[in-house]
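K.L.:
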Amino acid sequence: MVKKSSKKTPENQSSEQNTSTEAEAVMLGQDRTHFEGLGDAWAVLTGQNPVSLMPQVVGTVLHEGGTRSAWQWKRKGRGYVLMAWPQDQPVRAAVLMAGNEGGELRPVNALPLLEGLPNDLTVDEVHPWASGDSANVAVTMLEGKNPMWFCDPLYGRDHDDLTPGITHTFLLAGLAYGLRKALLDEVTVTQGPQYESYAAAWLTENPDKSRLDVPPLKVSVAGRHMIMPGRRFCEYQMRGVVEEVQDCQLEKMAVKILYMSFPFEERPPMRLPVYASKMVLRDYEPQKGDEVDAYVWLQGRVIDLDQAPPQQ
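Under our numbering, think of the first position of the sequence shown as 8, with each following residue one higher.
#1: Taking the straight line between their C-alpha atoms, what separation do you get for residue 321 and residue 243?
#2: Taking C-beta to C-beta, are residue 177 and residue 306 nearer than 7 Å?
#3: CA-CA distance, residue 166 and residue 260?
#4: Tell me whether the beta-carbon of residue 123 lies closer than 7 Å to the beta-carbon of residue 179.
#5: Determine the contact status of residue 298 and residue 221, defining contact as a CB-CB distance below 7 Å.
#6: Evaluate residue 70 with the Cβ neighbour count: other Cβ atoms within 10 Å of its Cβ, from every protein chain shown; 16 or more gives buried, anything less gives exposed.
#7: Residue 36 by DSSP, collapsed to three states: which one?
#8: Could you tell me whether the region 110-120 touches the region 137-151, where touching means 3 or more Cβ pairs closer than 8 Å?
#9: Quick check: the Cα distance between residue 324 and residue 236, rounded to an integer number of angstroms?
#10: With three or more beta-carbon pairs closer than 8 Å as the criterion, would you say the region 168-177 touches the region 127-137?
#11: So the beta strand (DSSP E) residue 136 belongs to, where does it begin and stop?
#12: Indicate the three-state DSSP secondary structure (helix, strand or coil) for residue 28 in the structure shown.
#13: Can you grab the Cα-Cα spacing for the pair residue 72 / residue 95, in whole Å?
#14: Spell out the partners DSSP gives residue 233 in its beta bridges.
#15: Are the CB atoms of residue 102 and residue 114 nearer to each other than 7 Å?
#16: Three or more C-beta pairs under 8 Å: does that hold for the region 195-211 against the region 73-90?
#17: Tell me where the alpha helix (DSSP H) around residue 164 begins and ends.
#18: With residue 277 and residue 126 assumed to form a contact (beta carbons below 8 Å), what rounded beta-carbon distance in angstroms separates them?
#19: Residue 264 bridges to which residues according to DSSP?
#20: How close, in whole Å, do the beta carbons of residue 187 and residue 291 come, if the pair is a contact with beta carbons under 8 Å?
#21: What three-state label does DSSP hand residue 131 in the structure shown?
#22: Taking only the alpha-carbon atoms, compute the straight-line gap between residue 58 and residue 239 and give it to the nearest angstrom.
#23: At which residues does the alpha helix (DSSP H) containing residue 51 begin and terminate?
#24: If you draw a straight line from the alpha carbon of residue 137 to that of residue 49, how long is it in whole angstroms?
#25: Judging by CA-CA distance, which residue of 184, 163, 38 is the nearest neighbour of residue 89?
#26: Sort out for me which residues DSSP pairs residue 241 with in a bridge.
#27: In angstroms, rounded to a whole number, what distance separates the CA positions of residue 184 and residue 272?
#28: Which residues mark the beginning and the end of the beta strand (DSSP E) in which residue 104 is found?
#29: Return the CA-CA distance between residue 303 and residue 281, expressed in angstroms with no decimal places.
#30: Straight-line CA distance for residue 257 to residue 224?
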């Protein structure tokens, strides 16, 4: 075993500062990128290569799918209709059809459509995709706090409602790219404001000791609800408690819905169904009361005023 030197050289001081800066950047959601694609979502929901699968998805949706009045709109002389399949599942394959008003509609996009739970959220910022069919939307739940981003697959319909500062009821859902039962009940903290406060208190109680004697801070995460920004906008690392589990299916892929909530002191909790496919869960069978760690992609849309099921 090689014992680390306690002497701080300029090199390891710089390394520690860089690590601290990187950790702070993650917490603040910095250095992320806007990813304008749905390949990852299709891959975890189907277990297949999305490129080879899309013609089959489009054909099935157009032949067997339905639509709703809330999934139809007109904008700048063009008409749009969202078709979705299957009718009786909360996770669906959807195809956006578009064309000039009075003309033929053609497929312009294929997307996974997740049924979410209603949450009142205030629009902060909008990042339209280059295609114009979808957008990444930032919303705030508490004034002055960093916004949370989700992908709106019905951006064309929601466009006029996505005004910064305006609060809407959004249907919000998460799709798990990775999910497992939480492995740790506590984490070790060795730097940052929380650790510095703890170290100062410990040294006050132990005046005969030095800074090198301060033990690591152990923080319990059992029962905690946490959301931290992921690599890209709309992606988040989450930890929470499963409140309910339901089964659903997208064609041959079994999917479980894990209902979770994330509490706030000054507003109602954020309610979130997390869709986890068999491909993601593997042998894990989540149960009510389980604490889970997950990496999710968030999807949301302004609540559908028409709540009727799709018409065949």
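Think of the CB as a built atom: it goes at the ideal place given N, C-alpha and C, for glycine as much as any other residue. Values in this document were obtained by computation on a predicted structure and should not be read as measured data.
P.N.:
Based on what the coordinates show:
#1: In the structure as shown, the chain starts at 8 and stops at 319, and residue 321 therefore has no counterpart that could be examined.
#2: Taking the first residue of the sequence shown as position 1, residue 177 is located at position 170. Taking the first residue of the sequence shown as position 1, residue 306 is located at position 299. No. Outside cutoff.
#3: Position 159 of the sequence shown, counted from the first residue, corresponds to residue 166. Position 253 of the sequence shown, counted from the first residue, corresponds to residue 260. Going by the C-alpha atoms only, they are around 32 Å apart.
#4: Numbered from 1 along the sequence shown, position 116 holds the residue referred to as residue 123. Numbered from 1 along the sequence shown, position 172 holds the residue referred to as residue 179. In this structure, residue 179 lies closer than 7 Å to residue 123 by Cβ.
#5: The residue you call residue 298 lines up with position 291 of the sequence shown. The residue you call residue 221 lines up with position 214 of the sequence shown. No, these two residues do not count as a Cβ contact at 7 Å.
#6: Counting from 1 along the sequence shown, the entry for residue 70 is found at position 63. Residue 70 counts as exposed, since fewer than 16 other C-beta atoms from the protein chains shown sit within 10 angstroms of its C-beta.
#7: Mapped onto the sequence shown, residue 36 falls at position 29. Residue confidence is low: residue 36 scores 48 on pLDDT, short of 50, so the model does not pin down where it sits. Its coordinate-derived value is still stated next. It is coil, neither helix nor strand.
#8: Touching, yes, given that three or more Cβ pairs across the two stretches are closer than 8 Å.
#9: Given a span of 8 to 319 for the chain in the structure shown, any question on residue 324 remains unanswerable.
#10: The region 168-177 is in contact with the region 127-137.
#11: In the sequence shown, counting from the first residue as 1, residue 136 sits at position 129. No beta strand (DSSP E) holds residue 136; DSSP gives it neither H nor E.
#12: For the purposes of this step, residue 28 is taken as residue 21 along the sequence shown, with counting starting at 1. Residue placement at residue 28 cannot be trusted, given a pLDDT of 43 that sits under 50; the coordinates are not used to answer.
#13: Taking the sequence shown and counting its residues from 1, the one referred to as residue 72 is at position 65. Taking the sequence shown and counting its residues from 1, the one referred to as residue 95 is at position 88. Going by C-alpha positions, residue 72 is about 11 Å away from residue 95.
#14: Numbered from its first residue, the sequence shown carries residue 233 at position 226. BP columns for residue 233 point to 246.
#15: Walking along the sequence shown from the start, residue 102 turns up at place 95. Walking along the sequence shown from the start, residue 114 turns up at place 107. Taking 7 Å as the Cβ cut-off, residue 102 and residue 114 qualify as a contacting pair.
#16: Touching, no.
#17: Taking the sequence shown and counting its residues from 1, one reaches residue 164 at position 157. It spans 162-165 - the alpha helix (DSSP H) in which residue 164 sits, taken as one unbroken run.
#18: For this step, residue 277 is matched to residue 270 along the sequence shown. For this step, residue 126 is matched to residue 119 along the sequence shown. Sure, about 6 Å apart at Cβ, within 8 Å.
#19: Numbered from 1 along the sequence shown, position 257 holds the residue referred to as residue 264. Residue 264 pairs with 253, 282.
#20: Position 180 of the sequence shown, counting from 1, holds the residue named residue 187. Position 284 of the sequence shown, counting from 1, holds the residue named residue 291. Confirmed, about 6 Å.
#21: On the sequence shown, position 124 is the one that residue 131 refers to. Strand, per DSSP.
#22: Locating residue 58 in the sequence shown gives position 51, counting from the first residue. Locating residue 239 in the sequence shown gives position 232, counting from the first residue. Taking the straight line joining both Cα atoms gives about 22 Å.
#23: Start at 1 with the first residue of the sequence shown, and residue 51 comes out as number 44. Taken as a continuous stretch (DSSP letters only), the alpha helix (DSSP H) holding residue 51 covers 46-53.
#24: As a position in the sequence shown, residue 137 is number 130, starting the count at 1. As a position in the sequence shown, residue 49 is number 42, starting the count at 1. Roughly 20 Å separates the two Cα atoms.
#25: In the sequence shown, counting from the first residue as 1, residue 89 sits at position 82. It is 163.
#26: Residue numbering aside, residue 241 sits at position 234 when the sequence shown is read from its first letter. Answer is none; residue 241 lacks a bridge partner.
#27: Taking the first residue of the sequence shown as 1, we reach residue 184 at position 177. Taking the first residue of the sequence shown as 1, we reach residue 272 at position 265. Roughly 29 Å between the two C-alpha positions.
#28: What you label residue 104 is simply residue 97 of the sequence shown in a count that begins at 1. Note, residue 104: beta strand (DSSP E), 98-107.
#29: Position 296 of the sequence shown holds residue 303. Position 274 of the sequence shown holds residue 281. One C-alpha to the other measures close to 8 Å.
#30: Counted from its first residue, the sequence shown places residue 257 at position 250. Counted from its first residue, the sequence shown places residue 224 at position 217. Going from the Cα of residue 257 to the Cα of residue 224 covers about 45 Å.
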